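Numbering (the numbering used here), first residue to last: -3 to 342. Data first, discussion second: the structure below is written as structure tokens.
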């Protein structure tokens, strides 16, 4: 096997996910994913529907988030399976780019650096997903061990919130279910990490091709313009056309995946906006009350409530940034500013 931008980890997980096109094992892996995801989704959505009025809202939302994560992976896989021809064309173009770079030392250096970066990024992405699943599962198991109310198997929390068609009456059944759920979560994490790593790898590869074309154009100095033959100019034009086609194929492959992710993120943003707007209504309701007819101590307490309610309730990203529309627009403005600076530099 020749050089490639894909790491061994990503090639292996792409085979397991049934994304790598036109190999004998693709059909088997796709059937496995369809059966596993469909079965798990039935039990997960049963939990979501049957526990809609549960008292522990945080636990319920935890189950909903895990269910939505599996559904998103299901949709991503189906989209990539459907557009396997586009992915096959991308792989073929990447192989052709590696063959073309052998004759140029500069091109080889750019390609090798990009491949090393893509492999490191892929390992980090998949590793973070697997690590998060492992720590999440350990948290559930630790919660069961520290709670005196979960001595019986049927009273213990499962790693994944599911409404199973049987009762967990013995420790053997509980251990088996937990092991299967952890195995399932590992595959979900690897699936999400693989798809994200695939996008990162393709982007790094096309950026490397852009750098190679840019360096080739830079080498054409004023002294060599007259001596430049038609073959060299034609090769540069063909190189640019290949880059455009490669970028368009990435767009066609991931456009619907990005749309699904936008819808899911929009739902989260809408829920956060509902929390923010609702929290601001507390101060308005307190101000509209007859607080001025209260005693001095009661009025002072009410004023403290009004002042505190002016600080909106938010959900943060790592205790660093508020997830809000204002924060999103500020990030977009900053990104556009950085892009304009980079364009001015290059």
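Built from N, CA and C at the ideal position, the CB exists for glycine as well. Since this is a predicted model, take the numbers as computed values, not measurements.
As the crow flies, the alpha-carbon of residue 23 is around 25 Å from that of residue 256. Less than 9 Å divides the Cβ of residue 181 from the Cβ of residue 155.
When the alpha-carbon of residue 245 is set against those of 157, 86, 194, 113, the nearest one is in 86. Taken through DSSP and simplified to helix, strand or coil, residue 236 comes out as helix.
For the options 36, 29, 63, the alpha carbon positioned closest to that of residue 44 is the one of 63.
Boundaries of the alpha helix (DSSP H) harbouring residue 215: 167 to 215, taken from the DSSP string. With respect to the 9 Å criterion, residue -1 and residue 120 are not classified as neighbours on the basis of their beta carbons.
Selection 2, 164, 122, 229 evaluated against residue 215 yields 229 as nearest (Cα-Cα). Residue 89 places its beta carbon 9 Å or farther from that of residue 210.
Judged by their CB atoms, residue 7 and residue 77 are not nearer to each other than the 9 Å cut-off. Nearest to residue 198 by alpha-carbon distance, out of 152, 258, 122, 110, is 110. When Cβ pairs closer than 8 Å are counted between the two stretches, the region 30 to 43 is seen not to touch the region 121 to 133, the count staying below three. When rounded, the separation of the alpha-carbon atoms in residue 58 and residue 157 is 8 Å. Rounded to whole angstroms, residue 191 and residue 71 show a C-alpha spacing of 12 Å. Residue 204 counts as buried, since at least 16 other C-beta atoms from the protein chains shown sit within 10 angstroms of its C-beta. For residue 25, the uninterrupted alpha helix (DSSP H) segment begins and ends at 22 to 46. DSSP, read as helix, strand or coil, puts residue 248 in helix. If you draw a 10 Å sphere on the C-beta of residue 179, you find fewer than 16 other C-beta atoms in it, and that means exposed. Residue 47 and residue 65 have their C-alpha atoms some 18 Å from each other. The residue among 193, 13, 185 with its C-alpha nearest the C-alpha of residue 115 is 193.
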